[in-house]
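Colleague:
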Amino acid sequence: MPTLFCFSICTPTISAGYTKICWIFSHGNTYFTRGGDEITYFVSMDDDITNQDLTNELKPEGCSELPIRMVYSIGCYHSNMNDAWLDLGTQVVSGATLINFFPTQYGKFVSEWNNGKTYSTSLTNSNTAASRTIVYAYLTVLSFTYSNQGKCSFIPNVLGKTNCAEWFFTGGGPYDLGDNYNSSISGKANVNQSSKKIISGDGSIKKNTILEWEM
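Quick note on this note's numbering: the sequence shown kicks off at 1 and runs consecutively.
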């Protein structure tokens, strides 16, 4: 998979004067090796792709940088891959801090980006109340119907500063923020903090910004 990606994105693209935009629709997670090194991956159609795959296999001989204008990902923990994408030549990339609860923001980002907004502005404008409210409603219903042994109710619920919220977001439900869960704030605030996108690179880039790469 990484080799095919590299072949399709480098020489033919640069020689034709094009740049690439990468939309990553996948799950993401983190694992720890016995030595304690964190490895982030996202699941593709065949193999998982790790940071090491990106840095070791995607930079082909004869192409100093891959012509990737920007990377947008809905995967969890994708901010941990930001540096790897930049090392390959990507101009700007963003990813969720931890678990991304808001894949619902993709559509607005695309609309803003296609309308000529900068990457940073598109990301900011995609974080709408509507995109969050639908997720809050889903989490409320899910926590109430989950096998929670009566820990969660509708009021107070998983969005509040409750035992239900801490239980649900630390492995009691389908999400596990582990030690990253902050019990001093509400479940909603934890969801927002977890999903916050971290931008690396040049956030002022637009869809039509002229960029240059070296072969």
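For every residue, glycine included, the Cβ atom is placed at its ideal position computed from N, Cα and C.
Go ahead and pull the three-state DSSP assignment for G201.
Modeller: Numbered from its first residue, the sequence shown carries residue 201 at position 201. G201 falls in the strand class under three-state DSSP.
Colleague: Less than 7 Å between C-beta atoms, sequence neighbours within five positions excluded: which residues of the same chain meet that for P103?
Modeller: As a working mapping, residue 103 is identified with position 103 in the sequence shown. Once the five neighbours on either side are set aside, the close Cβ partners of P103 are I74.
Colleague: Candidates T170, I205 and C22: which alpha carbon is nearest I99's?
Modeller: If you number the sequence shown from 1, residue 99 lands on position 99. Of the listed residues, the one whose Cα sits closest to I99 is T170.
Colleague: Just how far apart, CA to CA, sit Y106 and N157?
Modeller: Sequence index remark: in the sequence shown, residue 106 carries index 106 (1-based). Sequence index remark: in the sequence shown, residue 157 carries index 157 (1-based). Straight-line Cα distance between these residues: approximately 27 Å.
Colleague: What residue ranges within the region 57-116 form continuous alpha helix (DSSP H) runs of no fewer than 4 residues, ordered along the chain?
Modeller: 82-88 and 106-114
Colleague: Taking the DSSP output, what are the residues bridged to D176?
Modeller: Translated into positions along the sequence shown, residue 176 becomes position 176. In DSSP, D176 forms a bridge with T170.
Colleague: I'd like to know whether the C-beta atoms of K207 and I21 end up nearer to each other than 9 Å.
Modeller: Here residue 207 is taken as the residue at index 207 of the sequence shown, counted from 1. Here residue 21 is taken as the residue at index 21 of the sequence shown, counted from 1. Taking the C-beta atoms as reference points, I21 is found nearer than 9 Å to K207.
Colleague: Can you give the beta carbon distance from S79 to G203, rounded, assuming they're within the 8 Å contact cut?
Modeller: Residue 79 sits at position 79 when you count from the first residue of the sequence shown. Residue 203 sits at position 203 when you count from the first residue of the sequence shown. So it is not a contact: roughly 14 Å between Cβ atoms.
Colleague: Opposite C164 in the DSSP bridges: which residues?
Modeller: To locate residue 164, count along the sequence shown from 1; it is residue 164. None, per the DSSP bridge assignment.
Colleague: Within the continuous alpha helix (DSSP H) that includes I24, where are the two ends?
Modeller: As a first step, residue 24 must be located in the sequence shown, where it is residue number 24. No alpha helix (DSSP H) contains I24, which is instead part of the beta strand (DSSP E) from K20 to I24.
Colleague: What's the call for N114, buried or exposed, on a 16-neighbour Cβ count within 10 Å?
Modeller: Indexing the sequence shown from 1 puts residue 114 at position 114. Counting C-beta atoms within 10 angstroms of its own C-beta, N114 has fewer than 16 neighbours from the protein chains shown and is therefore classed as exposed.
Colleague: Tell me the rounded alpha-carbon separation between K188 and V92.
Modeller: Counted from its first residue, the sequence shown places residue 188 at position 188. Counted from its first residue, the sequence shown places residue 92 at position 92. A straight line joining the alpha-carbon of K188 with that of V92 spans about 28 Å.
Colleague: Can you give me the C-alpha to C-alpha distance between L66 and L86, rounded to a whole angstrom?
Modeller: Along the sequence shown, one-based indexing puts residue 66 at 66. Along the sequence shown, one-based indexing puts residue 86 at 86. Distance between the alpha carbons of L66 and L86 is about 10 Å.
Colleague: Label Y77 either buried or exposed according to how many other C-beta atoms from any shown protein chain fall within 10 Å of its C-beta, with 16 as the threshold for buried.
Modeller: Here residue 77 corresponds to residue number 77 of the sequence shown, with the count starting at 1. Classified as buried, Y77 has 16 or more neighbouring CB atoms from the shown chains inside 10 Å of its CB.
Colleague: In chain order, what residues of the same chain have a beta carbon less than 7 Å from the beta carbon of I134, not counting five sequence neighbours either side?
Modeller: As a working note, residue 134 is residue 134 in the sequence shown. T104.
Colleague: Considering only the beta carbon of each residue, do S186 and S94 sit closer than 9 Å?
Modeller: To locate residue 186, count along the sequence shown from 1; it is residue 186. To locate residue 94, count along the sequence shown from 1; it is residue 94. No, the Cβ-Cβ distance between S186 and S94 is not below 9 Å.
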